[in-house]
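What follows is a single structure, written as C-alpha cells, with notes after it.
2 protein chains.
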Amino acid sequence: MARTIKVSIIEDDETLRDGYAFLIGATEGYDVISTYCSYDEASKKIATDKPDVILLDIELPGVNGIDAIPKLKKLLPNCYVLILTVYESEKQIFNALANGASGYLTKNTPSTKIIESIKEVREGGGPMSINIARLVIRSFQKNQESPLSKRETQILELIGEGKSRAQIANELFIDLETVRSHIKNIYLKLDVNSRADAIKLARQNKLI
Amino acid sequence: MARTIKVSIIEDDETLRDGYAFLIGATEGYDVISTYCSYDEASKKIATDKPDVILLDIELPGVNGIDAIPKLKKLLPNCYVLILTVYESEKQIFNALANGASGYLTKNTPSTKIIESIKEVREGGGPMSINIARLVIRSFQKNQESPLSKRETQILELIGEGKSRAQIANELFIDLETVRSHIKNIYLKLDVNSRADAIKLARQNKLI
DNA sequence: TCATAAATCCCCCAAATAGGGGGATACTAT
DNA sequence: ATAGTATCCCCCTATTTGGGGGATTTATGA
C-alpha cells in the first residue's frame with residue numbers, strides 16, 4: 001500500500017493551482033502528474049494521465065465543476081474526485097456528492113488536512129471539511145417537534161413512497177377507512193389537501 | 001471560547017467507560033462530569049449534570065442508544081450527542097443521525113480523534129469516523145448508469161414528490177399525454193406497473 | 001375525574017386519476 | 001439507417017382521491 005498517489009488538479013486560479021501542486025508534490029508518497037485550468041482543457045488529456053485522485057474546483061470557466069464530475073468519472077471510472085472550493089451552499093454540496101464526488105473540502109482547509117484527505121479518499125473514506133460535515137449530518141436530522149403522531153408520520157412516509165390507501169392498509173394491517181382517517185388528520189394538521197402538498201411540506205420541515 | 005467542555009458518558013462496558021473517562025478527563029479543557037451504564041440510570045440525574053456533550057453507546061441494556069437520543073435531547077435541548085459504537089450498519093447510522101445525533105464515531109477511533117471530535121461537535125461540526133463518512137457520502141450518490149433518460153428521471157422525481165400527471169405536465173410545460181408517454185416508458189424500463197413500485201425500485205437503485 | 005389526543009372503523013358522494021391498449025411525428029446521435 | 005428521445009393524440013375502465021358526516025376505545029395528562 002505504499003504506492004505513490006497520482007494526483008491531478010483542475011483549478012482556474014493559477015496561484016492556487018501552483019500552490020496546491022507544490023504542496024502536494026513536495027509530500028512523500030504523492031505525485032502531481034498534471035494540472036489544468038478548466039474541464040475542457042483537462043478532458044483532452046486526463047484519461048491518459050490516469051490519476052488516482054482529482055482535486056476539482058467548482059467555479060470553473062466553461063463546464064463547471066459539478067457538471068464535470070460525471071464526465072470525469074466516465075473518463076476515469078476508478079478515479080476519486082475530491083471537491084476543493086469556496087462554495088458552501090447546500091445545493092452545491094449535495095449536487096456534487098450526488099454526481100459522484102467522494103469528498104468535499106472548503107478552501108480554508110489547512111494543507112495538511114488536504115493532503116491527508118487525498119490519502120483518505122483513495123482508501124475508501126469520505127473526507128469533508130468540518131462545516132460541510134455539519135450540513136451533511138443536519139440533512140439527516142428529523143424535526144423533533146412534529147405535529148404528527150407516530151402513526152400519522154408512518155402513513156405519511158408510505159404516501160411519500162407513492163403508495164395508495166389500499167396498499168398502506170395492507171401493509172399496516174389496518175382498515176382502509178382507518179388509513180383515510182389518518183390521512184384526513186394529517187391534512188388537517190398540515191393544512192393541505194393533497195398528497196403532493198403534504199409530502200412537500202413534510203419534507204421541507206423534515207417531518208419525514 | 002476557552003471554557004471547559006463538560007462531558008457525560010453513557011456506556012455499559014465498565015472498562016471502556018472508565019477508559020474514556022480517564023482519557024478525556026485527563027485532557028486540558030475537558031471535564032467528565034458523570035458516567036452512566038444505561039439510559040435509564042442516566043435519565044434520573046443527567047438533566048442536573050448539564051453536560052455540553054454526551055458520549056453515547058448504542059448497545060445498551062434497557063432503552064437502546066438510538067431511542068435514547070430524542071429523550072436526551074428533550075431533557076437537554078442544547079446538548080450535543082456523539083455516538084460512540086461498534087455498530088456500522090447503515091440503518092443504525094441513519095437512524096441515529098435522524099434522531100438527532102451530531103456525530104458518529106466507531107470504537108476503533110483513536111483517542112486523540114475522540115477528544116478532538118468532542119470539541120468539534122460543540123463548535124458546530126459533525127465529526128464522523130472515516131468509514132462512517134464514506135457511507136454517508138455514498139448515500140447521496142446517484143447511480144451513474146441509469147437506464148432512464150434525463151426527462152424520465154425528472155418525471156420520476158416528481159412522481160416521488162406525490163405529484164399527479166396533471167401537476168407534472170403543468171410544472172414541465174408539456175402535455176398531459178406526453179407525461180403519460182414518459183411514465184409508460186419508465187414503467188417499461190423498470191419493469192413495473194405502478195407508481196409505488198417505480199419509486200421503490202428507483203430509490204433502491206439510486207436512480208432518483 | 002374529565003378532557004384530549006390517538007388509533008381504530010363506518011357510511012355517503014362526485015370528480016380526478018391511473019394504467020392498459022393503440023398509435024404518430026420530429027430531432028439527434030451513432 | 002437505426003435506436004433512442006421527446007413530444008402529442010385517441011380509446012377504455014377500474015381505482016383512487018378527497019370532502020362530507022359520523023362512532024368507539026384506549027391512553028395520557030391536567
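Protein sequences appear in the order of chains E and G.
Under the UniProt record's numbering, think of the first position of the first sequence as 1, with each following residue one higher.
Under the UniProt record's numbering, think of the first position of the second sequence as 1, with each following residue one higher.
For glycine and all other residues, C-beta sits at the position ideal for the given N, C-alpha and C.
The model shown is predicted, which means the values in this text are computed figures rather than measured ones.
Reference residue i, options the options, closest by Cα
i	options	result
residue 73 of chain E	G:142, G:153 and G:183	G:142
residue 85 of chain E	E:115, E:30 and E:11	E:11
residue 178 of chain E	E:163, E:188, E:70 and E:155	E:155
residue 13 of chain E	E:51, E:25, E:56 and E:43	E:56
residue 137 of chain G	G:31, G:195, G:117 and G:90	G:90
residue 41 of chain E	E:105, E:71 and E:173	E:71
Other residues of its chain near residue i: CB distance less than 7 angstroms, five sequence neighbours each side excluded
i	result
residue 120 of chain G	127
residue 148 of chain E	156, 186, 189 and 207
residue 27 of chain G	115
residue 61 of chain E	12 and 38
residue 146 of chain E	153 and 207
residue 192 of chain E	198 and 201
residue 158 of chain G	168 and 171
Three-state secondary structure assigned by DSSP to residue i
i	result
residue 87 of chain G	coil
residue 174 of chain G	coil
residue 63 of chain G	coil
residue 45 of chain G	helix
residue 58 of chain G	coil
residue 31 of chain E	strand
residue 181 of chain E	helix
residue 105 of chain G	strand
residue 111 of chain E	helix
residue 82 of chain G	strand
residue 6 of chain E	strand
residue 53 of chain E	strand
Close Cβ partners of residue i (< 6 angstroms) along its chain, the five nearest in sequence each way excluded
i	result
residue 68 of chain G	39
residue 111 of chain E	23
residue 170 of chain G	none
residue 101 of chain E	69, 81 and 83
residue 210 of chain G	Residue 210 of chain G cannot be examined here, being either before or after the span of chain G that is shown, 1 to 208.
residue 25 of chain E	32
residue 36 of chain G	10 and 42
Cβ pair residue i, residue j closer than 9 angstroms
i	j	result
residue 63 of chain E	residue 80 of chain E	no
residue 132 of chain G	residue 88 of chain G	yes
residue 96 of chain G	residue 65 of chain G	yes
residue 5 of chain G	residue 17 of chain G	no
residue 203 of chain E	residue 161 of chain G	yes
residue 118 of chain E	residue 30 of chain E	yes
residue 163 of chain E	residue 196 of chain G	yes
residue 98 of chain E	residue 140 of chain G	yes
residue 46 of chain G	residue 92 of chain G	no
Any non-hydrogen atom of the ligand SAH within 8 angstroms of residue i CB
i	result
residue 191 of chain E	Inclusion of the ligand SAH in the displayed structure is not the case, the ligand content being empty and no account of it being possible.
8 angstroms CB neighbourhood of residue i in its chain, flanking five on each side removed
i	result
residue 49 of chain G	6, 8, 33 and 34
residue 182 of chain G	151, 152 and 155
residue 51 of chain G	6, 7, 8, 33, 34, 76 and 79
residue 176 of chain G	165, 166 and 169
Can you list, in chain order, the residues of the segment 136-149 of chain E whose Cβ is nearer than 7 angstroms to any Cβ on chain G?
Going along the segment 136-149 of chain E in chain order, one finds 136, 137, 140, 141, 142 and 144 with a Cβ nearer than 7 angstroms to chain G.
May I ask you to list, following chain order, the residues of the segment 155-181 of chain E that have a beta carbon less than 8 angstroms from some beta carbon of chain G?
For the segment 155-181 of chain E, the set of residues with a beta-carbon nearer than 8 angstroms to any beta-carbon of chain G comprises 159, 160, 161, 162, 163, 164 and 167, in chain order.
If the cut-off is 8 angstroms on Cβ atoms, which residues from the segment 108-128 of chain E count as contacting chain G, listed in chain order?
Answer set for the segment 108-128 of chain E: 120, 123, 124, 125, 126, 127 and 128.
Note down, in chain order, all residues in the segment 180-195 of chain G with a beta-carbon under 9 angstroms from any beta-carbon belonging to chain E.
Under the 9 angstroms Cβ criterion, the segment 180-195 of chain G contributes 194 and 195.
Could you please tell me which residues of the segment 70-96 of chain G, in chain order, have their CB closer than 8 angstroms to any CB of chain E?
Taking 8 angstroms as the Cβ-Cβ cut-off, the segment 70-96 of chain G approaches chain E at 70, 73, 74 and 94, given in chain order.
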